[in-house]
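Residue numbers (this note's numbering): 42 to 509.
Written as structure tokens, this is what we have:
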């Protein structure tokens, strides 16, 4: 048996007993049928009910609300969407600024809902610290990224460079080279958010059926083992579980991210580390690390996981010792005083990745299908934007939300880019990840010759290009 609990810390901390709502036992006729009681499904139901209270909406969930990524993530509520710089690059300067402002306002919109609906989920808007923390090349890459953002019209009020001394005022790491501060990020308790949203939409009249896996879906209807639901709109809000609903698995691959949580740390230890305002933080490597200080003073820290052949879902999140120790190594490089800290929880989750790593919000009036996904690990915030956008699209509201470059207003599933068949995608994904791991190991060793460092980064950068 592992020395840590294999359940998500967030689900483990819920005050309420995790009792499933009744399963779907009888046929239904509704206006909107949503598959999945995670963030996307719940936000979509919430905004639809706010805008059109008379709609009859049912959510059909395979497990319990928040079972998937919504109850397993790192708790970053970002005012961003994956690949936003590429998505917005072709817009005019004025349109691009408006789109960035829309994205950056996501945490504030969520906060408004939390206050209006009385959802307590440890929300703290402390911003995010993207740190150059383990080798000097991280400083170069972060400065290059910041220059690109400024070239797109963003300013220091959006993203600001921090010197090592300025960084130390917020987070004290062992080898600081500097970092970027982004104010439009909050941290929260993911499971309290998703469970609170579920209770909220139920109060608004939305019916949620749990332990009811959808076995078949198409335009106008879906089926479970015991019932059929007919609906004008079908919203498959399954993200990392797209493989369970063919043909969605062609368009979204399930990849994993793995997380650990420490025991609560003493006030003296946190005085040494910082993060006093609920800031999110990560170190700038292609390992994609992310962390936060929880409301009960734990360190939660995660990093990129893997991809299984043929898009197979990972159901077993009993993290191996190697998976846990890699994350301990990464946060131990930042905070040496934590290298031997006790890990109380180790878990993971499946998240959805679209081809070209491009999120999408799609609504086809002809087929009555609406989808938001491909968040690529940034779904806590992007799902709120997705829910608002799908509500406006379904109700045919002409708003700022529906005119964004990630919105596909017609064309159905055929408008999405499909992934290559196996074994191409497995070979490609693993080749890319191996190049990232090699780069990180090479750069983390200060004795590595300069030419080897440059070569490793060049190869990893070249491989990363295939992700776009």
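Just so you know, even glycine gets a beta-carbon here, dropped at the ideal spot from N, CA and C.
Quick caveat, the model's predicted, so the values are computed rather than measured.
Count the C-beta pairs between the segment 386-400 and the segment 359-377 that are closer than 8 Å, then say yes if the count reaches three, no if not.
yes
By a C-beta neighbour count over all protein chains shown, 10 Å radius and 16 as the cutoff for buried, is residue 191 buried or exposed?
Translated into positions along the chain shown, residue 191 becomes position 150. Classification of residue 191: exposed, given that the 10 Å Cβ count is below 16.
What are the start and end residues of the beta strand (DSSP E) that includes residue 277?
Locating residue 277 in the chain shown gives position 236, where the first residue counts as 1. Here the beta strand (DSSP E) through residue 277 covers 269-277.
Tell me residue 402's beta-bridge partners as DSSP assigns them.
Locating residue 402 in the chain shown gives position 361, counting from the first residue. The partner list for residue 402 (beta bridge, DSSP) reads 413, 448.
Between the alpha carbons of residue 145 and residue 195, how many angstroms are there, rounded?
As a position in the chain shown, residue 145 is number 104, starting the count at 1. As a position in the chain shown, residue 195 is number 154, starting the count at 1. Each residue's alpha carbon lies about 11 Å from the other.
Rounded C-alpha distance that separates residue 108 from residue 200:
Walking along the chain shown from the start, residue 108 turns up at place 67. Walking along the chain shown from the start, residue 200 turns up at place 159. Here the C-alpha atom of residue 108 lies approximately 34 Å from the C-alpha atom of residue 200.
Report the residue from 478, 148, 232, 381 whose alpha carbon sits nearest the alpha carbon of residue 226.
Sequence index remark: in the chain shown, residue 226 carries index 185 (1-based). For the residues 478, 148, 232, 381, the minimum Cα distance to residue 226 belongs to 148.
Looking at residue 256: is its Cβ nearer than 8 Å to the Cβ of residue 333?
By one-based count along the chain shown, residue 256 stands at place 215. By one-based count along the chain shown, residue 333 stands at place 292. In this structure, residue 333 does not lie closer than 8 Å to residue 256 by Cβ.
Straight-line gap, residue 471 to residue 461 (C-alpha atoms, nearest Å)
As a position in the chain shown, residue 471 is number 430, starting the count at 1. As a position in the chain shown, residue 461 is number 420, starting the count at 1. Their backbone Cα atoms lie some 14 Å apart in a straight line.
Just the Cα atoms here: how many angstroms apart are residue 186 and residue 419?
Translated into positions along the chain shown, residue 186 becomes position 145. Translated into positions along the chain shown, residue 419 becomes position 378. For residue 186 and residue 419, the distance between alpha carbons rounds to 18 Å.
How many Å lie between residue 232 and residue 81 at the Cα?
By one-based count along the chain shown, residue 232 stands at place 191. By one-based count along the chain shown, residue 81 stands at place 40. One C-alpha to the other measures close to 14 Å.
Residues bridged to residue 45 [DSSP beta-bridge criterion]:
Taking the first residue of the chain shown as 1, we reach residue 45 at position 4. The partner list for residue 45 (beta bridge, DSSP) is empty, contrary to what the question assumes.
Can you check which of these residues, 50, 208, 407, is closest to residue 317 by C-alpha distance?
Translated into the one-based positions of the chain shown, residue 317 becomes position 276. Among 50, 208, 407, the Cα nearest to that of residue 317 is on 208.
Do the CB positions of residue 242 and residue 64 come within less than 8 Å of each other?
Position 201 of the chain shown, counted from the first residue, corresponds to residue 242. Position 23 of the chain shown, counted from the first residue, corresponds to residue 64. In this structure, residue 64 does not lie closer than 8 Å to residue 242 by Cβ.
Using CA coordinates, which residue listed in 219, 113, 492 is at the minimum distance from residue 325?
Residue mapping note: residue 325 aligns to position 284 of the chain shown, counting from 1. Nearest of 219, 113, 492 to residue 325, Cα basis: 219.
Buried or exposed for residue 90, please, with buried defined as at least 16 other CB atoms from any protein chain shown within 10 angstroms of its CB.
Stepping through the chain shown from its first residue, residue 90 is reached at position 49. With 16 or more other Cβ atoms inside 10 Å of its own Cβ, residue 90 counts as buried.
Any heavy atom of the ligand COA closer than 7 Å to the Cβ of residue 310?
Of the ligands one can find in the structure shown there are none, so the ligand COA has no counterpart to examine.
Would DSSP call residue 97 helix, strand or coil?
Taking the first residue of the chain shown as position 1, residue 97 is located at position 56. DSSP places residue 97 in coil when its eight states are reduced to three.
Mind pulling the alpha helix (DSSP H) runs of 4 or more residues that sit fully within the segment 305-333?
The qualifying runs are 308-314.
What are the uninterrupted segments assigned as alpha helix (DSSP H) that are 4 or more residues long and contained completely in the segment 137-180, given in chain order?
147-158
Which two residues bound the contiguous alpha helix (DSSP H) that contains residue 443?
The residue given as residue 443 occupies position 402 in the chain shown. Counting along the chain, residue 443 falls outside any alpha helix (DSSP H), and DSSP gives it neither H nor E.
Can you tell me whether residue 29 is buried or exposed? The criterion is at least 16 other CB atoms within 10 Å of its CB, across all chains shown.
Because residue 29 is not part of the residues shown, which for the chain are 42 to 509, the question remains open.
Indicate whether the contact test is met: 3 or more Cβ pairs, each with one atom in the segment 67-82 and one in the segment 91-103, closer than 8 Å.
yes
Alpha-carbon to alpha-carbon, residue 129 and residue 135
Taking the chain shown and counting its residues from 1, one reaches residue 135 at position 94. Taking the chain shown and counting its residues from 1, one reaches residue 129 at position 88. Near 11 Å, if we compare the C-alpha coordinates of residue 129 and residue 135.
Hey, residue 45 and residue 112 are a contact pair by Cβ (cut 8 Å); roughly how many whole angstroms apart?
Residue mapping note: residue 45 aligns to position 4 of the chain shown, counting from 1. Residue mapping note: residue 112 aligns to position 71 of the chain shown, counting from 1. The pair is not a contact, with the Cβ atoms about 17 Å apart (cut-off 8 Å).
Just to confirm, is the Cβ distance from residue 105 to residue 251 under 8 Å?
As a first step, residue 105 is located in the chain shown; it is residue number 64 there, counting from the start. As a first step, residue 251 is located in the chain shown; it is residue number 210 there, counting from the start. Yes, they are a contact pair.
Measuring only the C-alpha atoms, how far is residue 272 from residue 312?
As a position in the chain shown, residue 272 is number 231, starting the count at 1. As a position in the chain shown, residue 312 is number 271, starting the count at 1. The alpha-carbon atoms of residue 272 and residue 312 are separated by roughly 55 Å.
Alpha-carbon to alpha-carbon, residue 125 and residue 451
By 1-based counting over the chain shown, the position of residue 451 is 410. By 1-based counting over the chain shown, the position of residue 125 is 84. When rounded, the distance between both Cα atoms is 21 Å.
Using only the alpha-carbon positions, how far apart do residue 335 and residue 319 sit?
Along the chain shown, read from residue 1 onward, the residue named residue 335 stands at position 294. Along the chain shown, read from residue 1 onward, the residue named residue 319 stands at position 278. Between residue 335 and residue 319, the C-alpha separation is close to 7 Å.
According to the neighbour-count rule (16 or more other Cβ atoms, all chains shown, within 10 Å of its Cβ), is residue 259 buried or exposed?
Translated into positions along the chain shown, residue 259 becomes position 218. Taking every protein chain shown into account, the CB of residue 259 has fewer than 16 other CB atoms within 10 angstroms, so this residue is exposed.
Three-state secondary structure assigned by DSSP to residue 408
Position 367 of the chain shown holds residue 408. Here residue 408 sits in coil by DSSP.
Three-state secondary structure (DSSP) at residue 198?
Working through the chain shown from its first residue, we reach residue 198 at position 157. Coil, per DSSP.
Go through its chain and collect everything with a Cβ distance to residue 263's Cβ below 8 Å, but skip five positions before and after it.
One-based indexing of the chain shown puts residue 263 at position 222. 74, 76, 101, 255, 257, 269, 270, 272, 275.
Candidates 127, 498, 391, of which the one nearest residue 178 by Cα:
For this step, residue 178 is matched to residue 137 along the chain shown. For residue 178, the nearest C-alpha among the options comes from 498.
Which word fits residue 327, buried or exposed, when buried means at least 16 other C-beta atoms lie within 10 angstroms of its C-beta?
For the purposes of this step, residue 327 is taken as the residue at position 286 of the chain shown. Buried, since its Cβ has 16 or more Cβ neighbours within 10 Å.
Run the CB neighbour count on residue 465, radius 10 Å, all protein chains shown included, and call it buried at 16 or more, exposed below.
To locate residue 465, count along the chain shown from 1; it is residue 424. When all chains shown are included, residue 465 counts as exposed.
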